[in-house]
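Asker:
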Amino acid sequence: MPFPLFVLLAAAAADEIVVTSARAPQSAAETGQAVTVLDRELIVQRQAVVVSDLLAQTPGVAVSRNGGAGGFTGLRLRGAEAEQTLVLIDGVKVNDPSSPGGGFDFANLLADNIERIEVLRGPNSVPWGSQAIGGVVNIVTAPPSSDPTFTARAEGGSFGTAQAVANGSFTAGPVTASLGGGYFTTDGISAARTGTERDGYERYAANGRVEVSLTDSIAIDLRGYFDHGRTELDGFPAPSFTFADTPEFSTIQELFGYAGIRAAFGSLANRAAFTIADVNRDNFDAPGSSPSFIARGRVERFEYQGDLKAADWARLVFGAESERSRFGDGTSVFRTGIDSLWGELIVKPVAPLTLTGGVRHDDHRDFGGHTTFGANAALDLGATIVRASYAEGFKAPTLFQLRSDFGNPSLRPETARSIDFGVEQRLAGDVLSGSLTWFHRRTRNQIDFTACRADIPVCADGARPFNTYDNIAQARASGVEAAVDVRPSARLRINAAYSWLDAENRTPGNPDFAKPLLRRPKSSIALNVDWRAPFGLALGGTLRQVSDSADRDAFGKRVRLDSYVLADVRAAVPVSERLELYGRIENLFDARYETVLDYNTPGRAAYAGVRVRL
Numbered sequence: 001m002p003f004p005l006f007v008l009l010a011a012a013a014a015d016e017i018v019v020t021s022a023r024a025p026q027s028a029a030e031t032g033q034a035v036t037v038l039d040r041e042l043i044v045q046r047q048a049v050v051v052s053d054l055l056a057q058t059p060g061v062a063v064s065r066n067g068g069a070g071g072f073t074g075l076r077l078r079g080a081e082a083e084q085t086l087v088l089i090d091g092v093k094v095n096d097p098s099s100p101g102g103g104f105d106f107a108n109l110l111a112d113n114i115e116r117i118e119v120l121r122g123p124n125s126v127p128w129g130s131q132a133i134g135g136v137v138n139i140v141t142a143p144p145s146s147d148p149t150f151t152a153r154a155e156g157g158s159f160g161t162a163q164a165v166a167n168g169s170f171t172a173g174p175v176t177a178s179l180g181g182g183y184f185t186t187d188g189i190s191a192a193r194t195g196t197e198r199d200g201y202e203r204y205a206a207n208g209r210v211e212v213s214l215t216d217s218i219a220i221d222l223r224g225y226f227d228h229g230r231t232e233l234d235g236f237p238a239p240s241f242t243f244a245d246t247p248e249f250s251t252i253q254e255l256f257g258y259a260g261i262r263a264a265f266g267s268l269a270n271r272a273a274f275t276i277a278d279v280n281r282d283n284f285d286a287p288g289s290s291p292s293f294i295a296r297g298r299v300e301r302f303e304y305q306g307d308l309k310a311a312d313w314a315r316l317v318f319g320a321e322s323e324r325s326r327f328g329d330g331t332s333v334f335r336t337g338i339d340s341l342w343g344e345l346i347v348k349p350v351a352p353l354t355l356t357g358g359v360r361h362d363d364h365r366d367f368g369g370h371t372t373f374g375a376n377a378a379l380d381l382g383a384t385i386v387r388a389s390y391a392e393g394f395k396a397p398t399l400f401q402l403r404s405d406f407g408n409p410s411l412r413p414e415t416a417r418s419i420d421f422g423v424e425q426r427l428a429g430d431v432l433s434g435s436l437t438w439f440h441r442r443t444r445n446q447i448d449f450t451a452c453r454a455d456i457p458v459c460a461d462g463a464r465p466f467n468t469y470d471n472i473a474q475a476r477a478s479g480v481e482a483a484v485d486v487r488p489s490a491r492l493r494i495n496a497a498y499s500w501l502d503a504e505n506r507t508p509g510n511p512d513f514a515k516p517l518l519r520r521p522k523s524s525i526a527l528n529v530d531w532r533a534p535f536g537l538a539l540g541g542t543l544r545q546v547s548d549s550a551d552r553d554a555f556g557k558r559v560r561l562d563s564y565v566l567a568d569v570r571a572a573v574p575v576s577e578r579l580e581l582y583g584r585i586e587n588l589f590d591a592r593y594e595t596v597l598d599y600n601t602p603g604r605a606a607y608a609g610v611r612v613r614l
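Residue numbering for the sequence shown is 1 to 614, as defined by full-length UniProt numbering.
Below you can see the structure in the form of structure tokens.
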């Protein structure tokens, strides 16, 4: 097994609070699971525009994108499928109910007004339920502030790109609110590697959070997120039907909402909420044409969560959920539902040791009941933290997989079992910190699109002679994630991340048995260096190396995607306390590479902007 020359930050200081592991605030030193935190300072420092570019620099993450900005962007955690990662925005599950696999498309998620991102690596279905097989990405937008604030940013650059973002926060009596919005447009690049026509992208978005304090112990939370995107595409035109320039385009509109109440009674904190995730997709063959593809997805969820501090050494986090989903294709509407109960016990039998164990039961309208377990331990020895966890994950079949023309109502949920062990070490205070984690996961009952066979009940009557979905796939993934963060002075910070992955197909009888899973690089390294001069000038750079991977061509043949190296440089200088100028060059050495076969990627690009704080 190769060992890294460079390793990067995976966890912050021991007193940092994370919420993704237990679905409740918890010291990072008390969780036995691997969590990476990206805070607002880091997001601003790296001049991030697209969230997926930030996540690609964290351990255990692989990102693929179909072309330039706006192209479908999938994120794979620890070698799991893109559809097996749960994504939340302000507490709302945002995985796309309108897509066949139910995965979240990161293409439309920009870093506008994002305050914090937590990335939990590994299954965690006890508190979070379906889809948390690879892990959980928890995104938190800018919260309301007790003091009035206003920030804005505008930038422009290569490929005819322009962006404007603003966010404001205010307080009026018992009400605090944060409102933000953003607009992004680019002429783009050709989505097809061999194309010459630019495929543009346009997106506008808004988000808001309102908190109303009714009493010292009772408050109302309202949260909303909306975006609309238009992406130009390439396709397979006649007569050659090879991937090339076409006038096709797609639109997507996403609305995520949360309405909840928090009430604390002594040692019991309560939260009840209603959430919605509404996604509408349309594809068009050309401007002015009728949609060639329509997808309408909506998920409504009622949830209750309790957090009981039973003793100084014992805490119980528990909840109940009821979810209803529907999917429409323009002619038919399909519905399903799932009801859940879950609980986790967190205990500290001795001062440095924290033990967590939990169980969840889901009752699905179509596949019936499913029970999930999980446990983890963290031993905090001060400068050293030792972690271990066992976790189970599951993913319920989507409505498309269950009820569409290719659906199979007999599907069972995909399941995974995982173990990991890790250690985090700090030296000389916080001057040097590092972590090392090993994991192993086995996934069963993966749902795959397959030819109809007589032993599949939905195919037995011959009414469906072609293809359907079935639980036939299995996969295994093992790997190492390493991290180091060096702060030799208050002005200089160096951090790097290394991931090594062995993910392969374990489906008996499959032609790809024992071969690497597609679009999973064997290894990746990300190195970040940031320095601030005494007069405020900030300079930084990112170097990222990704090893080769495999993909499949239009005829089903496995094809190698070559390794690549990307380098970015950035600078920012304050003009005053309220005004800052910044700029960056992406893909400095103009590398040519692919993350998806036959799809283009941007070459060297330069951007400059201004940031205002009031």
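In this text, a Cβ means the ideal position worked out from N, Cα and C, and glycines have one as well.
Report the rounded CA-to-CA distance for leucine 5 versus aspartate 485, giving the unit in angstroms.
Answerer: The pLDDT assigned to leucine 5 is 29, lower than 50, so where the model puts this residue is not dependable; a value taken from the coordinates is nonetheless given after this. Taking the straight line joining both Cα atoms gives about 14 Å.
Asker: In whole angstroms, what is the alpha-carbon distance linking alanine 219 and arginine 262?
Answerer: Their backbone Cα atoms lie some 5 Å apart in a straight line.
Asker: Within 10 angstroms of the Cβ of alanine 172, are there 16 or more other Cβ atoms? Answer buried if so, exposed if not.
Answerer: So alanine 172 counts as exposed.
Asker: Looking only at C-alpha atoms, which of Asp53, Leu55, Val19 and Leu75 sits nearest to leucine 518?
Answerer: Here the closest residue by C-alpha is Leu75.
Asker: Kindly indicate which three-state DSSP category serine 125 falls into: helix, strand or coil?
Answerer: If DSSP states are grouped into helix, strand and coil, serine 125 belongs with the helices.
Asker: Hey, could you find the ends of the alpha helix (DSSP H) phenylalanine 170 is sitting in?
Answerer: No alpha helix (DSSP H) holds phenylalanine 170; the beta strand (DSSP E) holding it covers 161-172.
Asker: Take the Cβ of glycine 288 as the centre, count every other Cβ of all protein chains shown within 10 Å, and call the residue buried at 16 or more, exposed below.
Answerer: Glycine 288 comes out exposed.
Asker: Would you mind working out which of Phe159, Gln84 and Leu353 sits nearest glutamate 392, comparing C-alpha positions?
Answerer: Answer by Cα proximity: Gln84.
Asker: Would you mind working out which of Gly382, Ala375 and Ala383 sits nearest tyrosine 390, comparing C-alpha positions?
Answerer: Answer by Cα proximity: Ala375.
Asker: Quick one: grab the DSSP three-state call for leucine 379.
Answerer: Leucine 379: strand per DSSP, three-state reduction.
Asker: Are there any heavy atoms of the ligand NAP lying less than 7 Å away from the beta-carbon of proline 521, as far as the coordinates show?
Answerer: For the ligand NAP, the structure offers nothing, since it holds no ligand at all.
Asker: Give the C-beta separation of serine 169 and threonine 149 to the nearest angstrom, bearing in mind that I take them to be a contact with Cβ-Cβ under 8 Å.
Answerer: Yes, they are in contact, since the Cβ atoms of serine 169 and threonine 149 sit about 5 Å apart, within 8 Å.
Asker: What's the C-alpha gap between threonine 384 and arginine 426?
Answerer: Between threonine 384 and arginine 426, the C-alpha separation is close to 6 Å.
Asker: Does the stretch 308-317 come close enough to the stretch 341-357 that 3 or more CB-CB pairs lie under 8 Å?
Answerer: Yes, the stretch 341-357 touches the stretch 308-317.
Asker: Just tell me which of Leu233, Asp502, Ala62 and Pro127 has its CA closest to the CA of histidine 440.
Answerer: Of the listed residues, the one whose Cα sits closest to histidine 440 is Asp502.
Asker: So leucine 402 is in the alpha helix (DSSP H); what residue range does that whole segment cover?
Answerer: It spans 399-403 - the alpha helix (DSSP H) in which leucine 402 sits, taken as one unbroken run.
Asker: Quick one: is phenylalanine 3 buried, meaning 16 or more other Cβ sit within 10 Å of its Cβ, or exposed?
Answerer: Here the model assigns phenylalanine 3 a pLDDT of 31, short of 50, so the residue's position is not dependable, and the following value carries that caveat. So phenylalanine 3 counts as exposed.
Asker: Grouping DSSP H, G and I as helix and E and B as strand, with all else coil, what is isoleucine 43?
Answerer: In this structure, isoleucine 43 counts as helix in the three-state DSSP scheme.
Asker: Once DSSP output is grouped into helix, strand and coil, what is the label at glutamate 586?
Answerer: If DSSP states are grouped into helix, strand and coil, glutamate 586 belongs with the strands.
Asker: Does the distance from the CB of aspartate 568 to the CB of threonine 601 come in under 8 Å?
Answerer: For aspartate 568 and threonine 601, no; Cβs fall outside 8 Å.
Asker: Do you know how far the Cα of phenylalanine 406 is from the Cα of arginine 365?
Answerer: Taking the straight line from one Cα to the other gives about 19 Å.
Asker: What are the start and end residues of the alpha helix (DSSP H) that includes valine 51?
Answerer: Start and end: 51-55.
Asker: Is alanine 396 buried or exposed, if buried means 16 or more other CB atoms sit within 10 Å of its CB?
Answerer: Its Cβ being crowded by 16 or more others within 10 Å, alanine 396 is buried.
Asker: Going by DSSP, which residues form a beta bridge with asparagine 561?
Answerer: Contrary to the premise, residue 561 reads as leucine rather than asparagine in this sequence. In DSSP, leucine 561 forms a bridge with Ser549.
Asker: Could you check how far apart the C-beta atoms of phenylalanine 189 and alanine 111 are, in whole angstroms? I think they sit under 8 Å.
Answerer: It should be pointed out that residue 189 corresponds to isoleucine in this sequence rather than to phenylalanine. So it is not a contact: roughly 20 Å between Cβ atoms.
Asker: For arginine 23, which beta-bridge partners are listed by DSSP?
Answerer: The partner list for arginine 23 (beta bridge, DSSP) is empty, contrary to what the question assumes.
Asker: Apart from the five residues just before and just after phenylalanine 106, which ones in its own chain have a Cβ nearer than 7 Å to its Cβ?
Answerer: So the qualifying residues of the chain are Val51, Ser52, Thr73 and Leu75.
Asker: Buried or exposed, going by whether 16 or more other CB atoms sit within 10 Å of the CB of histidine 370?
Answerer: Histidine 370 is buried by the Cβ-count criterion.
Asker: Closer than 6 Å by C-beta to glutamate 232: which residues in its own chain qualify, once you throw out the five before and the five after it? Chain order, please.
Answerer: The residues are Asp199, Gly200 and Phe249.
Asker: In this structure, how does DSSP classify glutamate 202 when only helix, strand and coil are distinguished?
Answerer: Strand at glutamate 202.
Asker: Could you tell me the distance, in whole angstroms, from the CA atom of isoleucine 252 to the CA atom of proline 123?
Answerer: For isoleucine 252 and proline 123, the distance between alpha carbons rounds to 29 Å.
Asker: Relative to the C-alpha of alanine 259, which candidate in Thr331, Ala295, Ile276 and Asn587 has its C-alpha closest?
Answerer: Alanine 259 has its Cα closest to that of Ile276, out of Thr331, Ala295, Ile276 and Asn587.
Asker: Between Ala22, Gly91 and Ile114, which lies nearest to glutamate 303 when the distance is taken from Cα to Cα?
Answerer: The shortest Cα separation from glutamate 303 among Ala22, Gly91 and Ile114 belongs to Gly91.
Asker: To the nearest whole angstrom, what separates the beta carbons of alanine 264 and serine 217, a pair I think is in contact under 8 Å?
Answerer: The Cβ separation is near 4 Å, so the contact holds.
Asker: Quick test of your reading: residue 616 and alanine 538, contact by CB under 8 Å. State the CB separation rounded to the nearest angstrom.
Answerer: It is not possible to answer for residue 616, since the shown part of the chain is limited to 1 through 614.
Asker: Should the stretch 574-586 be regarded as contacting the stretch 126-138, the criterion being three or more beta carbon pairs within less than 8 Å?
Answerer: Touching, no.
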